[in-house]
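Undergrad: Residue numbers (the numbering used here): 1 to 424.
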Ligand code: SDX
């Protein structure tokens, strides 16, 4: 094994270098503080590997994304979302028998306890569905106690996968004041979600193949992305041996941020704003380059991808296909295309390697499907759920897992004597 040498205050230290299956090198600093009394300092963890994982590989410079070794382009073109979820959680593509069993388990665990419906009644009509989703995910732990018993761990994984879409659809119905539509066992995972979202008791509802195919693709593309903010949050919370439901609830909260999964909602709001301002996208491009404007081109840039986000490439093509199939034309798509075209030729973006990310086109497709903007990040969470579960399981099953406890560099007051109130 190769090593890395560090010289600190004239003293030389040596650390092992671990190498992954894609030849990524990691300097193993686990003994750094014990040997040197110093710690590594990497705010935002952009250069820090928190774990070893066999789930997803990203090469940000080449724009490569693979789920358990399978290129995202192939998974997106050939797999169902349920197959992809199985692959991410259990590590292999399922046989037909394994897939049928998994699908059956997901189908027969979609109901939430009737008492959970009462939780929805307490939220204000305008409650953001992500707040409800996070609270409900954690609340599942009040019905399904945690256990280290492997069968119970797997049953709770099934329950989380099966019930999240019911909770998501119920939160949408709550937000528009319509009655909940219960899950149906005769529909596919995605067909059932669309039915719960869009069926109205007083009308007959026919699932749309176009919508099902579009949502299948969108959820697959969002299914995992290695140690992103929300997945790292799931691992952080799970490392204290908190339940799967509590860990997923924390991941939902992290995803909600506008710099992370909340960006898909921000992109549409940004495009709406540009359209309302006469479609003057060049004005907003200039603002994005002006540090003082505090304006960012939402849906652009990425901590890891310094090339095209491969998911954005697939979604850009799919946007055309879905809108054409639905007979929808959306001026926001034209604005998005114009923004992308000039950004990719602009030195500010080129120098900073800012390309469209997964959020840039996804919102336009959700919108064409009739998904309201405040549900976009909920859809991101539905897609990311198998990835979160896969990482939680990988960590939970690893006996070497320790509770995550980063250090800090203290910059506050040095020791001083307490001053009684009367003397201040
Ligand atoms: C997701 O991690 C993941 O994998 C996330 C994700 C997943 O699947 O889980 O891929 C999903 O979260 C995608 C990202 C969605 N967020 C957005 O689209 C929000 C807009 N993008 C940015 O805020 C930003 O690009 C981030 C948050 C995505 C990345 O931020 P970094 O890596 O911390 O980069 P940075 O903020 O340090 O920016 C570097 C430079 C800065 O300029 P300088 O200080 O060098 O002059 O680029 C500029 C930034 O000002 N910059 C942008 C910009 N993004 C970065 N300028 C204008 N518009 C932007 N969008």
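The beta carbon of each residue, even a glycine, is placed where N, CA and C say it ideally should be.
Compute the Euclidean distance between the alpha carbons of residue 271 and residue 325, then round it to the nearest angstrom.
TA: Walking along the chain shown from the start, residue 271 turns up at place 271. Walking along the chain shown from the start, residue 325 turns up at place 325. One alpha carbon belongs to residue 271, the other to residue 325, and they sit about 22 Å apart.
Undergrad: For ligand 1, is there any heavy atom lying closer than 6 Å to the beta carbon of residue 385?
TA: On the chain shown, residue 385 is found 385 positions in, with the first residue counted as 1. The answer is no for residue 385.
Undergrad: Per DSSP, residue 226 forms a beta bridge with which residues?
TA: Taking the first residue of the chain shown as 1, we reach residue 226 at position 226. In the DSSP output, where bridge partners are listed per residue, residue 226 has none listed.
Undergrad: Hey, could you find the ends of the alpha helix (DSSP H) residue 12 is sitting in?
TA: If you number the chain shown from 1, residue 12 lands on position 12. That residue, residue 12, is in no alpha helix (DSSP H); its beta strand (DSSP E) goes 11-19.
Undergrad: Which stretch, first to last residue, makes up the beta strand (DSSP E) that contains residue 63?
TA: Numbered from its first residue, the chain shown carries residue 63 at position 63. Premise fails: residue 63 is in no beta strand (DSSP E) and is neither H nor E.
Undergrad: Report whether the distance from the Cβ of residue 259 to the nearest heavy atom of ligand 1 is below 6 Å.
TA: Against the chain shown, residue 259 aligns to sequence position 259. Yes, Cβ of residue 259 sits closer than 6 Å to a heavy atom of ligand 1.
Undergrad: From 322, 349 and 247, pick the residue whose C-alpha is nearest to that of residue 290; which is it?
TA: The residue you call residue 290 lines up with position 290 of the chain shown. The shortest C-alpha separation from residue 290 is found at 349.
Undergrad: Report all residues from its chain with a CB closer than 6 Å to the CB of residue 180; omit the five preceding and five following residues, and keep chain order.
TA: Position 180 of the chain shown holds residue 180. Cβ neighbours of residue 180 beyond the five flanking positions: 170 and 173.
Undergrad: If we ignore side chains and look at the alpha-carbon of each, how far apart do residue 242 and residue 388 end up?
TA: As a working mapping, residue 242 is identified with position 242 in the chain shown. As a working mapping, residue 388 is identified with position 388 in the chain shown. C-alpha of residue 242 to C-alpha of residue 388: approximately 14 Å in a straight line.
Undergrad: With DSSP collapsed to three states, give me the class of residue 187.
TA: What you label residue 187 is simply residue 187 of the chain shown in a count that begins at 1. Here DSSP, grouped into helix, strand and coil, assigns residue 187 to coil.
Undergrad: Out of curiosity, what's the CA-to-CA distance linking residue 52 and residue 76?
TA: Counting from 1 along the chain shown, the entry for residue 52 is found at position 52. Counting from 1 along the chain shown, the entry for residue 76 is found at position 76. Whole-angstrom Cα-Cα distance: 25 Å.
Undergrad: Going by the beta-carbon positions, is the gap between residue 295 and residue 285 smaller than 7 Å?
TA: Within the chain shown, the letter at position 295 stands for residue 295. Within the chain shown, the letter at position 285 stands for residue 285. Cβ atoms of residue 295 and residue 285: not closer than 7 Å.
Undergrad: Reducing DSSP to helix, strand and coil, say where residue 71 ends up.
TA: Position 71 of the chain shown, counting from 1, holds the residue named residue 71. Note: residue 71 maps to strand in three-state DSSP.
Undergrad: Can you have a look at residue 423 and say buried or exposed, based on whether 16 or more other CB atoms are within 10 angstroms of its CB?
TA: Within the chain shown, the letter at position 423 stands for residue 423. Answer is exposed; the Cβ neighbour count stays below 16.
Undergrad: If you drop the 5 nearest sequence neighbours on each side, which residues of the same chain put their C-beta closer than 6 Å to that of residue 250?
TA: Taking the first residue of the chain shown as 1, we reach residue 250 at position 250. Cβ neighbours of residue 250 beyond the five flanking positions: 233 and 237.
Undergrad: Please classify residue 289: does DSSP put it in a helix, a strand, or coil?
TA: Position 289 of the chain shown, counted from the start, is the residue given in the question as residue 289. Helix at residue 289.
Undergrad: How would you call residue 216, buried or exposed, if buried means at least 16 neighbouring beta carbons within 10 angstroms?
TA: Locating residue 216 in the chain shown gives position 216, counting from the first residue. Buried, because 16 or more other Cβ atoms sit within 10 Å of the Cβ of residue 216.
Undergrad: Looking at ligand 1, does it come within less than 6 Å of residue 461, judged from the CB to the closest heavy atom?
TA: The structure shown does not extend to residue 461, since the chain is modelled only from 1 to 424, so the question has no answer here.
Undergrad: One question on the structure: do residue 383 and residue 211 come within less than 7 Å of each other, judged by their Cβ atoms?
TA: Within the chain shown, numbered from 1, the residue matching residue 383 stands at position 383. Within the chain shown, numbered from 1, the residue matching residue 211 stands at position 211. The Cβ atoms of residue 383 and residue 211 do not sit closer than 7 Å to each other.
Undergrad: What separation, rounded to the nearest whole angstrom, lies between the Cα atoms of residue 17 and residue 48?
TA: As a first step, residue 17 is located in the chain shown; it is residue number 17 there, counting from the start. As a first step, residue 48 is located in the chain shown; it is residue number 48 there, counting from the start. Answer to the nearest angstrom: the Cα atoms are 13 Å apart.
Undergrad: In whole angstroms, give me the CA-to-CA distance for residue 304 and residue 260.
TA: Sequence index remark: in the chain shown, residue 304 carries index 304 (1-based). Sequence index remark: in the chain shown, residue 260 carries index 260 (1-based). Going from the Cα of residue 304 to the Cα of residue 260 covers about 13 Å.
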